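*Asks:* For reference, the structure I am asking about is given below.
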Amino acid sequence: MIEKDKKTIGILGGGQLGKMLSDAAIKLGFNTHIYSPDVNSPAFRNATYNTIEKFEDKKKLKKFIDTVDLVTIEFENIPLTTIEYISQHKPIYPPPAAIEISQDRLKEKDFFIKNKIKTNNFKNIESINDLNSWTFDRKSVLKTRRFGYDGKGQKIITSLEDAQKAYLDFNEYPCLIEEFVEYTKEVSTISARDTFGNIFTYLPSENIHKDHILDRSFVPASISKDLGTELKQISSIILSELNYIGILSIEFFVRVNQQTKEEELIANEIAPRVHNSGHWTLDGSDISQFEQHIKSIVGKKINEPKLIFKTEMLNIIGEDINYWNKLNSTENKKIYLYGKDSIRKGRKMGHVNFINKN
Ligand code: AMP
1 MIEKDKKTIG ILGGGQLGKM LSDAAIKLGF NTHIYSPDVN SPAFRNATYN
51 TIEKFEDKKK LKKFIDTVDL VTIEFENIPL TTIEYISQHK PIYPPPAAIE
101 ISQDRLKEKD FFIKNKIKTN NFKNIESIND LNSWTFDRKS VLKTRRFGYD
151 GKGQKIITSL EDAQKAYLDF NEYPCLIEEF VEYTKEVSTI SARDTFGNIF
201 TYLPSENIHK DHILDRSFVP ASISKDLGTE LKQISSIILS ELNYIGILSI
251 EFFVRVNQQT KEEELIANEI APRVHNSGHW TLDGSDISQF EQHIKSIVGK
301 KINEPKLIFK TEMLNIIGED INYWNKLNST ENKKIYLYGK DSIRKGRKMG
351 HVNFINKN
């Protein structure tokens with residue numbers, strides 16, 4: 001229902017993250033306006049207003065801007081010109097600088113280094129000859145600097161010839177070549193910072209990928225107390241440094257340092273938005289990542305999220321939907337289906353939270 005006296009939150013992007021953000025915003029008493037170029041956007045379903053237009057269309061963007069009080073994003077690969085244009089008219093969260101860093105793996109690495117956050121060795125590749133100075137005596141990964149997700153735009157490399165072929169397959173697009181990390185586990189943090197500067201981090205989740213796509217996340221992660229503390233500290237540094245508002249996720253590898261034989265954290269990437277590895281918070285925490293994001297961006301004071309149930313999230317990918325859409329949620333198993341228009345291999349169709357109430 002449209003209520004004129006309510007504040008309206010604009011959301012750029014119409015996927016499942018946009019849908020869950022919109023649901024949370026409506027529950028908290030706001031109107032939402034989804035802006036997405038895709039007519040089949042899942043987020044359109046429950047939102048107050050929808051616009052189906054290209055992100056590059058300034059006239060349509062202006063019309064959208066006029067209907068909203070503030071704007072947020074549900075995915076980071078929105079053209080920077082769009083983000084900057086909006087920021088000239090209405091508040092946009094997270095800050096454009098954070099979005100810019102997350103769009104380019106080189107900027108992300110430079111940001112980690114500048115803030116003394118350990119990341120794996122890498123080299124910027126802007127021509128095929130740049131590959132000659134990388135040593136191929138260990139496994140490496142070639143990644144396009146921009147627009148990579150769920151394993152798209154990345155290839156495991158074992159020789160110079162491999163790397164040259166992959167670089168040509170990526171149409172000589174700017175890339176990073178980086179050290180393959182022999183990790184023992186992958187973990188991520190979901191943190192929020194409000195407009196008062198309060199920062200809170202959920203308990204880190206442990207993440208299992210299949211074919212480079214997140215398969216499962218569970219909380220609590222099987223990590224030492226010290227690593228947990230360090231994850232919290234790194235997250236705080238990053239959010240403060242970016243003057244961040246809203247939810248930010250950071251993905252890490254955990255590996256055993258060959259010299260000290262102790263586990264260490266290697267930062268992989270940041271996502272300036274709610275994140276798939278935070279979906280457990282819908283059932284396992286007293287506040288979901290979606291509500292925490294909305295509260296942060298509308299100027300409310302946020303609280304420290306509490307774990308209420310140990311939870312494991314399973315992604316429903318591609319054809320798996322045909323199994324899960326016949327089942328009902330139960331007290332210990334909550335099924336979320338995103339209502340996507342068609343099934344594709346590797347496409348995220350929904351997720352299930354297994355809630356441990358014992
Ligand atoms: P990314 O897009 O960088 O998050 O990569 C997706 C997934 O691919 C990661 O979560 C890892 O499972 C795997 N991966 C990416 N980069 C590396 C790396 N340098 N070493 C080992 N595994 C990697």
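So in our numbering, spot 35 of the sequence shown is number 35, and the numbers just go up one at a time. All residues carry an ideal CB built from backbone N, CA and C; glycine is no exception. Owing to the predicted nature of the structure, the values given are computational and were not obtained by experimental measurement.
Identify, in the order they occur along the chain, each residue of the same chain with its Cβ nearer than 8 Å to the Cβ of Asp211, setting aside the five sequence neighbours on each side.
*Replies:* Within the sequence shown, residue 211 is the residue found at index 211, counting from 1. Closer than 8 Å at Cβ, skipping near neighbours: Gly151, Gly346.
*Asks:* Do the region 214-228 and the region 314-321 touch if we need at least three Cβ pairs shorter than 8 Å?
*Replies:* At 8 Å Cβ cutoff, the stretches touch.
*Asks:* According to DSSP, Arg216 sits in a beta bridge with which residue or residues?
*Replies:* Sequence index remark: in the sequence shown, residue 216 carries index 216 (1-based). According to DSSP, which records beta bridges pairwise, Arg216 is partnered with Ile208, Leu314.
*Asks:* Report the three-state DSSP secondary structure of Glu263 (helix, strand or coil).
*Replies:* Residue 263 sits at position 263 when you count from the first residue of the sequence shown. In this structure, Glu263 counts as strand in the three-state DSSP scheme.
*Asks:* From Leu248 to Ile270, what distance separates their C-alpha atoms?
*Replies:* Walking along the sequence shown from the start, residue 248 turns up at place 248. Walking along the sequence shown from the start, residue 270 turns up at place 270. The straight-line gap from Cα to Cα measures roughly 7 Å.
*Asks:* Using CA atoms only, rank isn't needed, just tell me which of Asn207, Ala192, Tyr149 is closest to Thr201.
*Replies:* What you label residue 201 is simply residue 201 of the sequence shown in a count that begins at 1. Nearest C-alpha to Thr201: Ala192.
*Asks:* Does the separation of the CB atoms of Val187 and Glu161 fall below 8 Å?
*Replies:* Within the sequence shown, the letter at position 187 stands for residue 187. Within the sequence shown, the letter at position 161 stands for residue 161. Contact: no.
*Asks:* Got a sec: does ligand 2 put a non-hydrogen atom nearer than 7 Å to the Cβ of Ala98?
*Replies:* Within the structure as shown, ligand 2 is missing, the only ligands being ligand 1.
*Asks:* Going straight from the alpha carbon of Lys174 to that of Ala25, what length do you get?
*Replies:* Looking up residue 174 in the sequence shown gives position 174. Looking up residue 25 in the sequence shown gives position 25. For clarity, residue 174 is Pro in the given sequence; the question names Lys instead. Cα to Cα, the separation comes out at about 38 Å.
*Asks:* Go through its chain and collect everything with a Cβ distance to Leu142's Cβ below 6 Å, but skip five positions before and after it.
*Replies:* On the sequence shown, residue 142 is found 142 positions in, with the first residue counted as 1. Lys155, Ile157, Ala163, Ala166, Cys175, Ile177.
*Asks:* Excluding the 5 residues preceding and the 5 following Val68 in the sequence, name in chain order all residues of the same chain whose CB lies nearer than 8 Å to its CB.
*Replies:* Reading the sequence shown from its first residue, position 68 is the one you call residue 68. Once the five neighbours on either side are set aside, the close Cβ partners of Val68 are Thr8, Ile9, Gly10, His33, Lys90.
*Asks:* Give the secondary structure of Asn171 by DSSP, where H, G and I count as helix, E and B as strand, and everything else as coil.
*Replies:* Stepping through the sequence shown from its first residue, residue 171 is reached at position 171. Of the three classes helix, strand and coil, the one that applies to Asn171 here is coil, per DSSP.
*Asks:* May I have the straight-line CA-CA distance separating Tyr323 from Gly339, to the nearest angstrom?
*Replies:* Residue 323 sits at position 323 when you count from the first residue of the sequence shown. Residue 339 sits at position 339 when you count from the first residue of the sequence shown. Computed Cα separation, rounded: 15 Å.
*Asks:* Under the rule that 16 or more other beta-carbon atoms within 10 Å means buried, what is Glu76, buried or exposed?
*Replies:* Position 76 of the sequence shown holds residue 76. Label assigned to Glu76: buried.
*Asks:* Measure the C-alpha to C-alpha separation of Asn240 and Trp134 and round it to an integer number of angstroms.
*Replies:* Translated into positions along the sequence shown, residue 240 becomes position 240. Translated into positions along the sequence shown, residue 134 becomes position 134. Contrary to the premise, residue 240 reads as Ser rather than Asn in this sequence. So the alpha carbons of these two residues sit roughly 34 Å apart.
*Asks:* I'd like the list of long-range same chain contacts for Leu242, defined as Cβ closer than 6 Å, with 5 residues on each side in sequence excluded.
*Replies:* For the purposes of this step, residue 242 is taken as residue 242 along the sequence shown, with counting starting at 1. Ala98, listed in sequence order.
*Asks:* My understanding is that Pro96 touches Ser87, with C-beta atoms under 8 Å, so please give their C-beta distance in whole angstroms.
*Replies:* As a working mapping, residue 96 is identified with position 96 in the sequence shown. As a working mapping, residue 87 is identified with position 87 in the sequence shown. Yes, Pro96 and Ser87 are in contact; Cβ-Cβ is about 6 Å, under 8 Å.
*Asks:* Measuring CA to CA, which of Leu21, Gly29, Leu12 is closest to Asp5?
*Replies:* For this step, residue 5 is matched to residue 5 along the sequence shown. Taking only the C-alpha atoms, the option nearest Asp5 is Gly29.
*Asks:* Please name the residue or residues paired with Glu178 in a DSSP beta bridge.
*Replies:* Translated into positions along the sequence shown, residue 178 becomes position 178. According to DSSP, Glu178 bridges with Phe122, Val141.
*Asks:* Please check the pair Ser329 and Ile321, which I expect to be a contact at CB under 8 Å, by giving their CB distance rounded to whole angstroms.
*Replies:* By one-based count along the sequence shown, residue 329 stands at place 329. By one-based count along the sequence shown, residue 321 stands at place 321. That belief does not hold up - the Cβ atoms of Ser329 and Ile321 are roughly 15 Å apart, past 8 Å.
*Asks:* Would you tell me roughly how many angstroms separate the C-alpha atoms of Gly278 and Glu319, rounded to the nearest one?
*Replies:* Walking along the sequence shown from the start, residue 278 turns up at place 278. Walking along the sequence shown from the start, residue 319 turns up at place 319. In a straight line, the C-alpha of Gly278 is about 23 Å away from that of Glu319.
*Asks:* For the beta strand (DSSP E) holding Thr32, just list the boundary residues, first then last.
*Replies:* Working through the sequence shown from its first residue, we reach residue 32 at position 32. Thr32 -> beta strand (DSSP E) spans 31-36.
*Asks:* By Cβ distance, which residues of its chain are closer than 8 Å to Val39, with the 5 residues on each side in sequence left out?
*Replies:* Sequence index remark: in the sequence shown, residue 39 carries index 39 (1-based). Excluding positions up to five away in sequence, the list reads Ile52.
*Asks:* Closer than 7 Å: is that where the CB of Gln258 sits relative to any heavy atom of ligand 1?
*Replies:* In the sequence shown, residue 258 corresponds to position 258, counting from 1. Incorrect: Gln258 has no Cβ contact closer than 7 Å to ligand 1.
*Asks:* Count the other CB atoms, across all protein chains shown, that sit within 10 Å of the CB of Thr184; report buried if there are 16 or more and exposed otherwise.
*Replies:* One-based indexing of the sequence shown puts residue 184 at position 184. Exposed: under 16 other Cβ atoms inside 10 Å.
*Asks:* Using the DSSP secondary-structure output, state which residues sit across from Phe252 in a beta bridge.
*Replies:* As a first step, residue 252 must be located in the sequence shown, where it is residue number 252. BP columns for Phe252 point to Val187, Ala267.
*Asks:* Given the structure, does Val141 come close to ligand 1, in the sense that its CB is under 7 Å from one of the ligand's heavy atoms?
*Replies:* Within the sequence shown, the letter at position 141 stands for residue 141. For ligand 1, at least one heavy atom lies less than 7 Å from the Cβ of Val141.
*Asks:* What does DSSP give as the partner residues of Val378 in its beta bridges?
*Replies:* Lying before the first or after the last residue shown, residue 378 is absent from the chain, which here runs from 1 to 358.
*Asks:* At what residues does the alpha helix (DSSP H) containing Lys58 begin and finish?
*Replies:* The residue you call residue 58 lines up with position 58 of the sequence shown. Start and end: 58-67.
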